[in-house]
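Residue numbers (our numbering): 2 to 419. Presented below is the structure to which this report refers.
Encoded structure:
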């Protein structure tokens, strides 16, 4: 037998057909939504593009490469300029390069050394004198600013034991409220209270630990195989007694037994100065005419520094040397021979000529004050000093320069007679 054929009866059209049609449309709409969801979920497969195209448009917005690249290029250029001037020390803490010798080790290292400490007013020739001494084959200095990371390789800017007097920070401090009333920075730091600027052997910072900190910092820049080491800082002029005591605080082994005192290293001081008017105008040339440094402030600072030096020089050992830039520049060869002989190193003519002609690498102008004297005396083509201003400075400071600082043989009234 065969099974009977089963047939489903199709219902006749009735009033219920319209709802069924709506159901069909709802089902189709839901199917489309499901298909859309499936399309969104299948973006990774690349099978649908409807929703993906909308998100892709958001992702396709271009990154501002050119503006960002230009900004980074400017920053890189500025950093490269600082690197060329100050080297890697600009980016790394200075203490990272410090040596790690103990006090006893430094006693042995410095036993046969001579340390020359050079000071004087800023803009008075300390740098050119330092370069000529350091250029001797038996002398080691700190090297260039690119090697040390500080302006003119000045030792006071490398250490953190004693005050830097705001030197090198003038541009930053000038933005501080009431800075113009603070006697800090180049051209006026000597006008601080005496206990801040005129340091002597009674200073409590003179300890073996602090000397070790200084030598571990300076030692990385010196060639310690050389018999003579030189350090230049203009403020040495106001703290020579302090520095002399500091370098000798390690003369014994700390036991209190004076029989073990070594008197090493040998510390020698050399100072250089310059005509006060030329020095005053050189400061103005460096910092600008519209700065806080008036002629009166600069002249008072100059006088105070020299008074401190005159007070201290009689207490310094090893016959300290005082030079004038004008004399040194007029005849550098003979003065260098005297300086080398005073230090105790080779001072023959061949060595002096080698230093000046080959090793120094810069020219010494025979009259370094000429352009300032021409302006002061009204001989320059432009920018001459007013007679009223000139006479006021001379009247106010002539006595102090000629009488109180007579040892330096400068005169304000007769400067235009040269």
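Glycine included, C-beta positions come from ideal geometry on N, C-alpha and C.
According to DSSP, residue pairing for residue 322 in a beta bridge involves 271. DSSP places residue 185 outside both helix and strand once states are collapsed to three, so it counts as coil. Comparing C-alpha distances from residue 299 to each of 276, 210, 320 shows the shortest one belongs to 276.
The region 336-344 and the region 305-316 do not touch, with fewer than three beta-carbon pairs separated by less than 8 angstroms. Leaving aside the five residues that flank residue 373 on each side, the residues in its chain whose CB is nearer than 6 angstroms to its CB run, in chain order, 279, 282.
Look at residue 295 here: in three-state DSSP terms it is coil, with no helix or strand label. Around the beta carbon of residue 80, fewer than 16 other beta carbons sit within 10 angstroms, so the residue counts as exposed. Closest option to residue 129, judged by alpha-carbon separation, among 381, 391, 325: 325. Under the DSSP assignment, residue 117 falls outside any alpha helix (DSSP H), being part of the beta strand (DSSP E) whose first and last residues are 115-120. Taken in chain order, the whole beta strand (DSSP E) runs of length 3 or more contained in the region 222-248 are 229-233. Taking C-beta atoms as the reference points, residue 117 and residue 269 count as a pair closer than 9 angstroms.
Taking a contact as a CB-CB distance under 8 angstroms, the pair residue 236 and residue 127 does not count as one, their CB atoms being some 10 angstroms apart. Here residue 162 carries a coil assignment [DSSP, helix/strand/coil]. The closest CA to that of residue 110, considering only 120, 265, 121, is found on 265. A distance below 6 angstroms between beta-carbons, with the five flanking residues on each side excluded, links residue 304 to the following residues of its chain, in chain order: 401. Here residue 200 is near residue 243, since their CB atoms are less than 9 angstroms apart.
Residue 162 sits away from residue 90, with the two beta carbons spaced by 9 angstroms or more.
With 16 or more other Cβ atoms from the protein chains shown falling within 10 Å of its own Cβ, residue 330 counts as buried.
Rounded to whole angstroms, the Cβ separation of residue 131 and residue 142 is 6 angstroms, and the two are in contact under 8 angstroms.
Between residue 119 and the set 389, 239, 66, 370, the nearest pair of CA atoms involves 239. In this structure the region 188-198 does not touch the region 62-77; the number of beta carbon pairs closer than 8 angstroms is below three. Looking at the backbone, the Cα of residue 354 and that of residue 334 are separated by about 7 angstroms. For residue 354, the uninterrupted alpha helix (DSSP H) run begins and ends at 350-355, by DSSP. The three-state secondary structure of residue 141, taken from DSSP, is strand. Counting C-beta pairs closer than 8 angstroms gives fewer than three between the region 396-416 and the region 344-364, which falls short of the contact rule. A straight line joining the alpha-carbon of residue 108 with that of residue 220 spans about 13 angstroms. Note on geometry: alpha-carbon atoms of residue 229 and residue 115 lie some 5 angstroms from one another.
Rounded to the nearest angstrom, the gap between the Cα atoms of residue 293 and residue 346 is 43 angstroms. The beta carbon of residue 379 is closer than 6 angstroms to those of 385 in its chain, skipping five residues each way along the sequence. The three-state secondary structure of residue 196, taken from DSSP, is helix. Under the DSSP assignment, residue 342 falls in the alpha helix (DSSP H) whose first and last residues are 333-344.
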